[in-house]
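Notes follow once the structure below has been shown.
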Amino acid sequence: MLANSLRHRLHWLALRGFMIFLFALVLPLAARIGGRTARRMATWAGLAAFRLDVDWRTVSLRQHFLRERTQAALREILPDASPETISALTRERFICAAHEDLDAQYFHSDPELARQCSYEGLEAVHEAAARTGVLVMTLHLDTTPMGIAQLGKTGLKLNLMTSNIVQDPRVPAVLRRFFRRKYKGIERHLNGGIYWDVETHIRDFYRVLARGESVAMLCDGPALSREDGVLTEFLGKTRALSPGALRLAKKSGAALVGMVCLRAGPEAYRLVFSPVFEPSVLAPEQAIQEVYAFLSRAIQAHPERWWAADLLPAFINVEKA
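The sequence shown begins at 25 in the numbering used here and counts up one residue at a time.
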């Protein structure tokens, strides 16, 4: 038993060391090099993380779950896919996450953050923002943080909702510092907007929406219970989703819009928006369903880029009453 305990401890110490090496040396070096070489280094980092089944959560909790739960989610999204396809897509998920981590290095090291971006539906977002607050609902999909930063650079005053879970003492100090720098870097491009943790600043999000500013929040989290959740169609089933977006929209009177940001090249991005749903035209309860339908289609089109897919097995599947 003592030997097993020692092996377990050494195993996680080694993986913790790998993550520290990755975020303290490899990714910052890749960002300094830039270009296609940086992208190749991110791909190698993603492949290594796939082999080791590791990310910041697994080393913090000392549990392997990411690869298995991602595969379970992909099997649900793609029930006819072969085991080989599921494995390949899972590998791509880790690579995609590593490229997103590389993007995060640029938020604070590249003050201009000039990128080649295309926008589909942006004009309607700005038109709505001239009339009311806009709640931008998005996903942990592909390169979402870059999309949020680029949306702020279009002139939209955008506030970003984050979580203080990444500052948990169990998270290695290098990674806690990485997340602080990431969010502070994004904030530089939000046209005067601020990033706040939802756990400590929820009232601030109501306030800025009510006065006509915009808020970006990631909305692919499960509800804690059926009673607390928003019951809506998501990825082919009625699921209980986190109620935060609906509560914000109802209380503030904000418009709702979905957004995804897809990588279109080494330093090129494509931002796609759903229609904008203003409360004077569509009730928030109905608008939420439309936005989640849009977000579901984005995941189904690019399941290997959904780096929160491991959350899907935790969703409560229900039948609407």
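Glycine included, every Cβ here is placed at the ideal spot set by N, Cα and C.
Give the straight-line distance between the Cα atoms of residue i and residue j, rounded to the nearest whole angstrom.
i	j	result
D79	R235	38 Å
S249	A138	42 Å
P107	E116	14 Å
A121	W331	6 Å
A153	F42	44 Å
A278	V158	5 Å
L126	A264	32 Å
E144	Y293	11 Å
T168	A273	21 Å
R200	G59	26 Å
R33	A27	10 Å
A66	H123	5 Å
G171	A322	14 Å
L90	A311	32 Å
R63	W36	27 Å
A345	V198	Note that A345 scores 44 on pLDDT, short of 50, meaning its location in the model is unreliable and no value can be drawn from it.
V254	I226	18 Å
T82	S142	35 Å
A148	A38	49 Å
L76	H88	9 Å
L30	A73	23 Å
Quickly, what does DSSP pair residue i with across the bridge? List them, please.
i	result
L182	S238
F297	M283
E257	T262
V160	A240, V281
G289	A292
C141	Y293
A220	Here the sequence assigns Trp to residue 220, which means Ala is not the residue at that position. According to DSSP, which records beta bridges pairwise, W220 is partnered with M185.
A165	The amino acid occupying residue 165 in the given sequence is Leu; Ala does not appear at that position. Partner(s): W330.
P246	L265
I340	A264
Please confirm whether any heavy atom of the ligand NAP lies closer than 7 Å to the CB of residue i.
i	result
G253	This structure lacks the ligand NAP, and indeed carries no ligand of any kind.
Take residue i and list the residues in its own chain whose beta-carbon comes closer than 8 Å to its own, dropping the five residues that flank it on each side.
i	result
H150	T178, G179, L180
R99	A105, I110
L113	L98, L102, A105, P327, E328
S187	D221, V222, E223
Apart from the five residues just before and just after residue i, which ones in its own chain have a Cβ nearer than 7 Å to its Cβ?
i	result
T13	Absent from the structure is residue 13, since the part of the chain shown begins at 25 and ends at 345.
C195	The sequence given here has Val at residue 195, not Cys. W80, S84, listed in sequence order.
L46	A69
Below 8 Å on the Cβ atoms is my contact criterion, and I expect residue i with residue j to pass it. Report the Cβ-Cβ distance as a whole number of Å.
i	j	result
V232	N183	5 Å
Y230	S276	5 Å
L335	D244	7 Å
A338	P267	Rounded, the Cβ-Cβ distance is 16 Å, inconsistent with contact.
K208	A128	K208 to A128, Cβ: 11 Å. No contact.
E302	T156	6 Å
L2	L165	Examination of residue 2 is not possible in this model, given that the chain is present from 25 through 345 alone.
Enumerate in chain order the residues of its own chain whose CB-to-CB distance from residue i is below 6 Å, with the five nearest sequence positions on each side excluded.
i	result
G282	M161, S298, V315, F318, L319
L280	L159, A273, F301, A311, V315
Quiz item: Any contact of the segment 203 to 217 with the segment 295 to 315, i.e. 3+ C-beta pairs under 8 Å?
Solution: no
Quiz item: Do the segment 240 to 247 and the segment 174 to 190 touch if we need at least three Cβ pairs shorter than 8 Å?
Solution: yes
Quiz item: Taking one C-beta from the segment 257 to 265 and one from the segment 313 to 329 each time, how about it: are there three or more such pairs within less than 8 Å?
Solution: yes
Exercise. Kindly confirm or deny that the segment 280 to 298 and the segment 320 to 329 touch, where touching means at least three C-beta pairs closer than 8 Å.
Key: yes
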